[in-house]
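Trainee:
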RNA sequence: GCACCCGUAGCUCAGCUGGAUAGAGCGCUGCCCUCCGAAGGCAGAGGUCGCGCGUUCGAAUCGCGCCGGGUGCACCA
């Protein structure tokens, strides 16, 4: 149930009625008619722009349309009053029983409230994290992990068939570097001093891998040349790293449905098939790229290469798929991977990348557009930097020394719930400050706490209600403006979910929950001043039951919202 | 030089397929516990929505051009 779309249906029906009676010309499109919560509560519960958007095509004055429409809307039992305001807004006030009904409805629906079937029959693939299997996940990956996982949950909530997928870059030069780094740790385990050359991965996390190699191979690899051990060590170390990464993901509650190996694209004809598909579309040719203007690399030389005409699908320039020596570029397996996704029958692809990969967006979109004939939309979401603060000062990370803050560090210090919520307190494309001290704080400055506290307060009330043998009733008794405001906020939940899912913006859930908690805390405190507004009415179980329905409904929605975010709702916070 | 992202209150940021007098938190000022959890709440001050054109009944939102900040820019993955 979405109260806003319900009322919009009422508006559209009324407009149809006007058409039937000749008050409006036939053939009007009502697509642009909206029913929304007004920014200013003084404008009522809902506002519609119907009269304004229809005035021109209908050749009528907005206010004339509005007044006719208003009279029709007022005939509906749900509508208490309608006023025509400003240039032709319709400001609706709904009957008090509608808001009481919202509470009842929320309680009846429980965790189902706000779910929708807008995504029914839609297969969506969300690819995220996809970090190189060369070490543990760090904070930047954490943001992408939380964002992707939450978006996936949100899309499930709206009925989509969602696949969470991780693309494993297990075929490039970086896994050779991993293998060499692990080999040094292996030598170390065998009693030799390791030589961690410049360019190798220095992190301690490879020490146990070295030990494991020794356990497996004994000292058999020591005398061999690199050519003889590289493949085996690479395979082993990559497996170990993926195990590490899976554990990291599990630590913040992320479970992938599928890990797609880049290596699996080689050897068969996967890449060849993908390139052929492009070729069949006339998008592959041999050519020489122009040097970039204004920034000429020192070693520029014209080279004839196999190129993908990505510029035909929105990219700025064409992109090489083969190097001048005939081997594939890194881009070629990316093409094959997205081709694979397209052929797996998804209706929508979503890639979540770090902002430093912004330069690849157009070419990948070009690939999907070309290979799906424009049928499969690809949305690429970039997640901006996470800036760490500790004791009020920026926390420096140095990749070169292997001294970076890992996902594990963060989760160990502040917990998965807090980490997840905080990662969504900014829009994905805005930089995020992550302050270890602020985030651990239990005060209203900390949005996670603020929302959790609201939920815990409801649970506290319910515990007391049980002690006082207050029966639970789904019928709410709302009288005060603060109570109606809260019910109104609850009614926005399904609409908010719909928008967040459509825009692929899970942060909206976090912001909504913060607002909802704010309305709840306001009402709670009003009970200090006006005892009649307290949820528990002394020695009056029936009155208490009617008052408790509203906070119970709040808890239902907070719980559902936090569920999408992957955060546990706290029942007490002592 | 080109592309993408960002520019909203002193600070950090929201802002709904374009809607009315642009919001929140922090900070600042002043208040509220014989009272369900004050780990909370209420009120006040504070803004040329970077700038300029344009589209529109209506622009923070859409288009174009500037200015400022970030990121990325040939066979490296």
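In the numbering used here, the protein residues as written are 178 to 751.
For each residue, glycine too, the CB sits at the ideal point set by N, CA and C.
Using the Cα positions of residue 738 and residue 339, report the straight-line distance between them to the nearest angstrom.
Mentor: If I take the Cα positions, the gap works out to 18 Å.
Trainee: Leaving out five residues on either side along the sequence, give the residues of the same chain with a beta carbon under 6 Å from the beta carbon of residue 347.
Mentor: Excluding residues within five positions, the ones whose Cβ falls inside 6 Å are 310, 415, 438, 439, 440.
Trainee: Looking only at its chain, what residues have a beta carbon closer than 8 Å to the beta carbon of residue 367, apart from the 5 residues adjacent to it on each side?
Mentor: Cβ within range, chain order: 391, 396, 399.
Trainee: Evaluate the contact criterion for the region 297-316 versus the region 538-547: three or more CB pairs, one atom per stretch, below 8 Å.
Mentor: The region 297-316, when compared against the region 538-547, does not touch it at the 8 Å Cβ threshold.
Trainee: Beta carbon of residue 591, beta carbon of residue 570: below 9 Å?
Mentor: No, the Cβ-Cβ distance between residue 591 and residue 570 is not below 9 Å.
Trainee: Apart from the five residues just before and just after residue 406, which ones in its own chain have a Cβ nearer than 6 Å to its Cβ?
Mentor: Excluding positions up to five away in sequence, the list reads 398.
Trainee: Please name the residue or residues paired with residue 531 in a DSSP beta bridge.
Mentor: 560.
Trainee: In chain order, which alpha helix (DSSP H) runs of at least 4 residues are fully inside the region 392-442?
Mentor: Runs of the alpha helix (DSSP H) inside the region 392-442: 403-428.
Trainee: For the alpha helix (DSSP H) containing residue 195, list its first residue and its last residue.
Mentor: Start and end: 180-197.
Trainee: Applying the criterion that 16 or more other CB atoms from any shown protein chain within 10 Å of the CB defines a buried residue, is residue 298 buried or exposed?
Mentor: By the 10 Å Cβ count, residue 298 comes out exposed.
Trainee: Can you pull the DSSP bridge partners for residue 262?
Mentor: Paired residues: 266.
Trainee: Thinking C-alpha only, which one of 529, 552, 492, 372 is nearest residue 520?
Mentor: When only C-alpha atoms are compared, the closest one is 552.
Trainee: Skipping 5 residues on each side, what residues in its chain have a beta carbon closer than 7 Å to that of residue 722?
Mentor: Once the five neighbours on either side are set aside, the close Cβ partners of residue 722 are 647, 648, 649, 650.
Trainee: Would the beta-carbon of residue 290 fall within 9 Å of that of residue 701?
Mentor: For residue 290 and residue 701, no; Cβs fall outside 9 Å.
Trainee: Check this for me: beta carbons of residue 430 and residue 597, under 9 Å apart or not?
Mentor: In this structure, residue 597 lies closer than 9 Å to residue 430 by Cβ.
Trainee: Are residue 735 and residue 635 close, meaning C-beta to C-beta below 9 Å?
Mentor: Yes, these two residues count as a Cβ contact at 9 Å.
Trainee: Pull the bridge partners of residue 133 from the DSSP assignment, please.
Mentor: In the structure as shown, the chain begins at 178 and stops at 751. Residue 133 is therefore absent and cannot be evaluated.
Trainee: Restricting to Cα atoms, I'd like to know which of 751, 733, 750 is closest to residue 280.
Mentor: Residue 280 has its Cα closest to that of 733, out of 751, 733, 750.
Trainee: Quick check: what's the CA-CA separation for residue 711 versus residue 720?
Mentor: Spanning the two alpha carbons is a distance of roughly 10 Å.
Trainee: Given that a residue counts as buried once 16 or more other Cβ atoms are within 10 Å of its Cβ, and exposed if not, what is residue 374?
Mentor: Looking at its Cβ environment, which holds fewer than 16 other Cβ atoms inside 10 Å, residue 374 is exposed.
Trainee: Quick check: what's the CA-CA separation for residue 285 versus residue 663?
Mentor: Those two C-alpha atoms are separated by around 18 Å.
Trainee: For residue 588, which residues in the same chain have their Cβ closer than 7 Å to its Cβ, ignoring the five residues on either side in sequence?
Mentor: If we look at residue 588 and ignore the five residues flanking it on each side, its Cβ neighbours are 428, 429, 596.
Trainee: Can you tell me the Cα-Cα spacing of residue 493 and residue 359, whole angstroms?
Mentor: Distance between the alpha carbons of residue 493 and residue 359 is about 40 Å.
Trainee: From residue 184 to residue 630, what distance separates their C-alpha atoms?
Mentor: Whole-angstrom Cα-Cα distance: 33 Å.
Trainee: When the Cα atoms are used, what is the spatial distance from residue 320 to residue 295?
Mentor: Looking at the two C-alpha atoms, the distance is approximately 27 Å.
Trainee: Give the secondary structure of residue 207 by DSSP, where H, G and I count as helix, E and B as strand, and everything else as coil.
Mentor: Reduced to three states, the DSSP call for residue 207 is coil.
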